[in-house]
Amino acid sequence: MAYWPRNYQGEKTTLQSRNSFIGDYTEKWSKDLISEIVKKDKLYAVQKAICEEIALTRQSPGDVVISRKNSIKQKPEDIVAIFEVKMSIVWNWKYTPPDQLDCVGDYRTHSGNPGLLRSDSMLKAIGKGINIRISSPKAAQIPIIVLGNTPITRSYYDKVDQLYQSGIFQGFWSLNPSPLDHDSEENIKQTPKGGFYRFDSFDELIEKISFLYTNKAIYFSGMKSKSELGRIIEEANKGKTYEEKGELFIKLIGE
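For the sequence shown, this note's numbering gives the first residue as 13, with consecutive numbering after it.
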């Protein structure tokens, strides 16, 4: 078991719903799944990728990245997307020898929360993502996604939507369409502004991941006065095409 039953009154020991073994397993599972999608475009899914320039170190590597190079050591220009995997055991199962496996119940029957329902998991993922995003201008064009297998708590709805709309993250995704025994309002499809999204089919995931590397977006931020913004917009408008105007705007707002 990974969780004690919610009403259990006996002696307890510390149980692990997410440890290094589970972390490695879910990262590999995610890598293999993403690899099936991107290989047609001659891209690779790499587990535990290192790129010092954008804060992916040996101590804190990229759980899974989509890259143009099939190598642990990466360059920013080769990284297409970064996935921070936050999955854990969602259900409790009971094994009865020799070969019987019975489902005890979903996470609502247990004490403790799994995956993205854990505040510490969310805060750790958000902190790591922000660290990558602000590490270098080279990280500005790399999508960052938190990948889970549970819904999120209601208290995080507005937070993930704000992180999504501001461009710091490109999504908090759940790959588990049925984390609960029965339908529940907890098992949302998405938050009001799309920061959290639950995938119900492989085709949905293919579409979203493909969009990550066909839609070449750039993250930008700044604190400017209205007059300064007006000057930047006026200057950027001198570009001949929308792309030139966009490039000039990004350059000026970063100065």
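For each residue, glycine too, the CB sits at the ideal point set by N, CA and C.
Under 7 Å between C-beta atoms of residue i and residue j
i: isoleucine 91; j: valine 77; result: yes
i: proline 204; j: lysine 150; result: no
i: phenylalanine 208; j: valine 172; result: yes
i: lysine 257; j: glycine 266; result: no
i: serine 42; j: leucine 113; result: no
i: phenylalanine 232; j: alanine 248; result: no
i: isoleucine 62; j: lysine 40; result: no
Span of the alpha helix (DSSP H) around residue i
i: aspartate 173; result: 169 to 177
i: glutamate 267; result: No alpha helix (DSSP H) contains glutamate 267, which DSSP labels as neither H nor E.
i: isoleucine 355; result: Here the chain has residues from 13 to 267 only, and residue 355 is not among them.
Rounded Cβ spacing between residue i and residue j (contact assumed at less than 8 Å)
i: alanine 137; j: lysine 98; result: 5 Å
i: isoleucine 7; j: leucine 129; result: With the chain covering only 13 through 267, there is no way to say anything about residue 7.
i: alanine 93; j: leucine 224; result: 5 Å
i: asparagine 199; j: asparagine 161; result: Asparagine 199 to asparagine 161, Cβ: 12 Å. No contact.
i: isoleucine 221; j: valine 50; result: 7 Å
i: glycine 117; j: asparagine 104; result: 6 Å
i: methionine 134; j: tyrosine 169; result: With a Cβ gap of about 12 Å, methionine 134 and tyrosine 169 do not count as contacting.
Cβ neighbours of residue i in the same chain (closer than 6 Å, five flanking residues each side left out)
i: tyrosine 119; result: Val102, Pro126
i: arginine 145; result: Ala151, Ile180
i: lysine 81; result: Asp90
i: glycine 74; result: Ala61, Leu68, Ile94
Delimiting residues of the beta strand (DSSP E) encompassing residue i
i: tryptophan 105; result: 104 to 108
i: glutamate 65; result: Premise fails: glutamate 65 is in no beta strand (DSSP E) and is neither H nor E.
i: isoleucine 91; result: 91 to 98
i: leucine 55; result: Taken as a continuous stretch (DSSP letters only), leucine 55 belongs to no beta strand (DSSP E), as it is neither H nor E.
i: serine 79; result: 74 to 79
i: isoleucine 154; result: Careful: isoleucine 154 lies outside any beta strand (DSSP E) and carries neither H nor E.
Spatial neighbours of residue i in its chain, beta-carbon cut-off 7 Å, leaving aside the 5 residues before and after
i: lysine 140; result: Ser72, Glu96
i: glutamine 202; result: Phe208, Tyr209, Arg210
i: tyrosine 107; result: Leu113
i: leucine 268; result: With the chain covering only 13 through 267, there is no way to say anything about residue 268.
i: cysteine 115; result: Trp103, Trp105
i: aspartate 215; result: none
Beta-carbon contacts of residue i that lie in its chain and below 8 Å, excluding the five residues immediately before and after
i: aspartate 44; result: Ala57
i: isoleucine 66; result: Pro88, Ile91, Ile144, Ser147, Ser148, Lys150, Ala151, Ile154
i: serine 47; result: Tyr56, Ala57
i: glutamine 272; result: Since the first and last residues shown for the chain are 13 and 267, residue 272 lies out of range.
i: lysine 228; result: Gln153
Neighbour flag for residue i against chain B, beta carbons, 7 Å
i: valine 77; result: Any reference to chain B falls outside this structure, which holds one protein chain only.
### Task
Run through the region 180 to 253 for me and flag every whole alpha helix (DSSP H) of 4 or more residues, listed as ranges in chain order.
Those alpha helix (DSSP H) runs which fall completely within the region 180 to 253 and span 4+ residues are 214 to 226, 238 to 248.
#### Entry: 4 or more residues per run - each alpha helix (DSSP H) lying fully within the region 112 to 148
Scanning the region 112 to 148 for uninterrupted alpha helix (DSSP H) segments of 4 residues or longer gives 131 to 145, listed from N- to C-terminal end.
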